[in-house]
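Colleague: Residue numbers for the sequence shown follow UniProt numbering, beginning at 1 and rising by one.
Here it is, the structure, as C-alpha coordinates.
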Amino acid sequence: MSQAKLAQTSISLNQFLPYRLVNLAQKVSVNFAEVYQSEFNLTTPEWRILVHLAEQTLCDKSDGSVRQQSTGISAKELTELASMDKSTVSRAVKLMLDKGYITKQVHIADKRAFTLTLTTAGFALYQTIAPKALAWEESLLKALDKQEYQALMQILDKLDSKLS
(Lines of atoms letter the chains of each structure in order from A and count residues from 1; the text may use other names and numbers.)
(Lines give C-alpha, C1' and ligand atoms only; values in the text may rest on other atoms or scores of the structure.)
Protein backbone atom coordinates (compact mmCIF):
# COMPACT_ATOMS: atom_id res chain seq x y z
CA MET A 1 0.00 0.00 0.00
CA SER A 2 1.38 3.42 -0.92
CA GLN A 3 2.16 6.07 1.72
CA ALA A 4 -0.58 8.36 0.34
CA LYS A 5 -3.15 5.55 0.49
CA LEU A 6 -2.03 4.60 4.01
CA ALA A 7 -2.34 8.21 5.15
CA GLN A 8 -5.95 8.29 3.94
CA THR A 9 -6.88 5.11 5.81
CA SER A 10 -5.03 5.54 9.10
CA ILE A 11 -6.29 7.48 12.09
CA SER A 12 -4.17 9.88 14.10
CA LEU A 13 -5.94 9.79 17.45
CA ASN A 14 -4.68 13.23 18.47
CA GLN A 15 -6.43 14.66 15.39
CA PHE A 16 -9.52 12.41 15.45
CA LEU A 17 -12.38 14.48 16.87
CA PRO A 18 -14.56 11.64 18.24
CA TYR A 19 -11.59 10.28 20.19
CA ARG A 20 -10.63 13.70 21.55
CA LEU A 21 -14.22 14.53 22.58
CA VAL A 22 -14.74 11.22 24.36
CA ASN A 23 -11.44 11.52 26.22
CA LEU A 24 -12.13 15.10 27.24
CA ALA A 25 -15.69 14.25 28.31
CA GLN A 26 -14.37 11.37 30.43
CA LYS A 27 -11.78 13.61 32.12
CA VAL A 28 -14.37 16.30 32.79
CA SER A 29 -16.84 13.72 34.13
CA VAL A 30 -14.32 12.06 36.47
CA ASN A 31 -12.98 15.36 37.82
CA PHE A 32 -16.41 16.97 38.16
CA ALA A 33 -17.82 13.89 39.90
CA GLU A 34 -15.73 14.80 42.94
CA VAL A 35 -18.12 17.72 43.47
CA TYR A 36 -21.17 15.50 44.07
CA GLN A 37 -19.87 12.00 44.81
CA SER A 38 -17.64 12.24 47.86
CA GLU A 39 -19.56 14.81 49.88
CA PHE A 40 -23.12 14.02 48.75
CA ASN A 41 -22.87 10.32 47.80
CA LEU A 42 -24.58 10.77 44.43
CA THR A 43 -23.87 8.73 41.33
CA THR A 44 -23.44 10.47 37.99
CA PRO A 45 -26.95 9.44 36.82
CA GLU A 46 -28.44 10.69 40.10
CA TRP A 47 -26.66 14.03 39.67
CA ARG A 48 -27.91 14.39 36.11
CA ILE A 49 -31.49 13.57 37.12
CA LEU A 50 -31.29 15.97 40.08
CA VAL A 51 -30.20 18.82 37.80
CA HIS A 52 -32.86 18.10 35.16
CA LEU A 53 -35.62 17.96 37.77
CA ALA A 54 -34.33 21.17 39.38
CA GLU A 55 -34.23 22.89 36.00
CA GLN A 56 -37.87 21.92 35.46
CA THR A 57 -38.71 23.15 38.97
CA LEU A 58 -37.08 26.56 38.72
CA CYS A 59 -39.07 29.20 36.89
CA ASP A 60 -37.88 32.77 36.47
CA LYS A 61 -40.42 35.38 37.46
CA SER A 62 -40.61 38.66 35.56
CA ASP A 63 -39.05 40.54 38.50
CA GLY A 64 -35.89 38.41 38.28
CA SER A 65 -36.63 36.27 41.32
CA VAL A 66 -37.01 32.51 41.14
CA ARG A 67 -39.95 30.43 42.28
CA GLN A 68 -40.44 26.71 42.52
CA GLN A 69 -43.03 25.22 40.20
CA SER A 70 -43.13 21.78 38.65
CA THR A 71 -45.67 19.32 37.39
CA GLY A 72 -42.95 16.69 37.13
CA ILE A 73 -41.19 14.79 34.39
CA SER A 74 -41.69 11.19 33.34
CA ALA A 75 -38.79 8.75 33.46
CA LYS A 76 -39.10 8.47 29.68
CA GLU A 77 -38.63 12.23 29.32
CA LEU A 78 -35.60 12.04 31.61
CA THR A 79 -33.98 9.39 29.41
CA GLU A 80 -34.27 11.78 26.46
CA LEU A 81 -33.30 14.97 28.31
CA ALA A 82 -30.28 13.43 30.04
CA SER A 83 -29.25 11.15 27.15
CA MET A 84 -29.27 8.09 29.41
CA ASP A 85 -30.70 4.65 28.78
CA LYS A 86 -33.91 3.49 30.42
CA SER A 87 -32.29 1.04 32.85
CA THR A 88 -29.77 3.63 34.09
CA VAL A 89 -32.56 6.13 34.73
CA SER A 90 -34.67 3.46 36.42
CA ARG A 91 -31.85 2.48 38.82
CA ALA A 92 -31.04 6.11 39.63
CA VAL A 93 -34.71 6.95 40.20
CA LYS A 94 -35.02 4.04 42.66
CA LEU A 95 -31.95 5.23 44.58
CA MET A 96 -33.27 8.80 44.67
CA LEU A 97 -36.70 7.65 45.84
CA ASP A 98 -35.04 5.61 48.61
CA LYS A 99 -32.94 8.63 49.65
CA GLY A 100 -36.03 10.85 49.72
CA TYR A 101 -34.83 13.24 47.00
CA ILE A 102 -37.72 12.69 44.57
CA THR A 103 -41.35 11.64 44.61
CA LYS A 104 -43.22 9.55 42.07
CA GLN A 105 -46.86 10.21 41.19
CA VAL A 106 -49.20 8.66 38.67
CA HIS A 107 -49.15 10.67 35.43
CA ILE A 108 -52.37 12.64 34.95
CA ALA A 109 -52.81 11.81 31.25
CA ASP A 110 -51.31 8.30 31.19
CA LYS A 111 -52.20 6.24 34.26
CA ARG A 112 -49.52 3.67 33.33
CA ALA A 113 -46.75 6.27 33.64
CA PHE A 114 -45.36 8.25 36.55
CA THR A 115 -44.09 11.78 36.94
CA LEU A 116 -41.07 12.55 39.06
CA THR A 117 -40.54 15.72 41.08
CA LEU A 118 -37.95 16.88 43.58
CA THR A 119 -38.85 16.73 47.25
CA THR A 120 -37.92 19.59 49.57
CA ALA A 121 -34.82 17.58 50.51
CA GLY A 122 -33.96 17.03 46.85
CA PHE A 123 -34.30 20.70 46.02
CA ALA A 124 -32.23 21.65 49.08
CA LEU A 125 -29.54 19.21 47.92
CA TYR A 126 -29.55 20.83 44.48
CA GLN A 127 -29.24 24.30 46.04
CA THR A 128 -26.26 23.08 48.08
CA ILE A 129 -24.45 21.44 45.16
CA ALA A 130 -25.21 23.99 42.41
CA PRO A 131 -22.85 26.72 43.71
CA LYS A 132 -20.06 24.13 44.06
CA ALA A 133 -20.72 22.88 40.53
CA LEU A 134 -20.63 26.41 39.14
CA ALA A 135 -17.39 27.15 41.01
CA TRP A 136 -15.85 23.98 39.56
CA GLU A 137 -16.92 25.02 36.06
CA GLU A 138 -15.54 28.53 36.58
CA SER A 139 -12.21 27.07 37.66
CA LEU A 140 -12.04 24.88 34.55
CA LEU A 141 -13.00 27.74 32.25
CA LYS A 142 -10.13 29.91 33.50
CA ALA A 143 -8.17 28.10 30.77
CA LEU A 144 -10.25 30.01 28.16
CA ASP A 145 -10.82 33.70 27.55
CA LYS A 146 -14.33 35.00 26.88
CA GLN A 147 -14.05 34.77 23.09
CA GLU A 148 -12.68 31.22 23.25
CA TYR A 149 -15.54 30.20 25.53
CA GLN A 150 -18.13 31.72 23.19
CA ALA A 151 -16.49 30.06 20.17
CA LEU A 152 -16.42 26.71 21.98
CA MET A 153 -20.12 26.95 22.82
CA GLN A 154 -20.98 27.86 19.21
CA ILE A 155 -18.93 24.93 17.90
CA LEU A 156 -20.57 22.53 20.36
CA ASP A 157 -24.01 23.81 19.30
CA LYS A 158 -23.16 23.29 15.62
CA LEU A 159 -21.89 19.75 16.18
CA ASP A 160 -24.89 18.93 18.37
CA SER A 161 -27.28 20.22 15.68
CA LYS A 162 -25.46 18.19 13.03
CA LEU A 163 -26.00 15.00 15.05
CA SER A 164 -29.60 15.70 16.07
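In this text, a Cβ means the ideal position worked out from N, Cα and C, and glycines have one as well.
Keep in mind it's a predicted model, so treat the numbers as computed, not measured.
CA-CA distance, residue 36 and residue 129?
Modeller: One C-alpha to the other measures close to 7 Å.
Colleague: Enumerated in chain order, which unbroken segments of the alpha helix (DSSP H) with a length of 4 residues or greater are wholly contained in the stretch 32-98?
Modeller: If we require 4 residues or more, the alpha helix (DSSP H) runs fully inside the stretch 32-98 come out as 44-57 and 75-81.
Colleague: May I ask you to report which of helix, strand or coil DSSP gives residue 142?
Modeller: If DSSP states are grouped into helix, strand and coil, residue 142 belongs with coil.
Colleague: Excluding five sequence neighbours on each side, which residues of the same chain lie with their C-beta closer than 7 Å to the C-beta of residue 97?
Modeller: If we look at residue 97 and ignore the five residues flanking it on each side, its Cβ neighbours are 104.
Colleague: With a 10 Å radius around its C-beta and 16 neighbouring C-beta atoms as the bar for buried, classify residue 92 as buried or exposed.
Modeller: Residue 92 comes out buried.
Colleague: Check whether the Cβ atoms of residue 102 and residue 118 lie closer than 7 Å to each other.
Modeller: Yes, the Cβ-Cβ distance between residue 102 and residue 118 is below 7 Å.
Colleague: Here's the rule I'm using: 16 or more other beta-carbon atoms within 10 Å means buried, otherwise exposed. How should residue 84 be labelled?
Modeller: Residue 84 comes out buried.
Colleague: What does a CB cutoff of less than 7 Å around residue 133 pick up in its chain, not counting 5 residues either side in sequence?
Modeller: These residues qualify, in order along the chain: 35.
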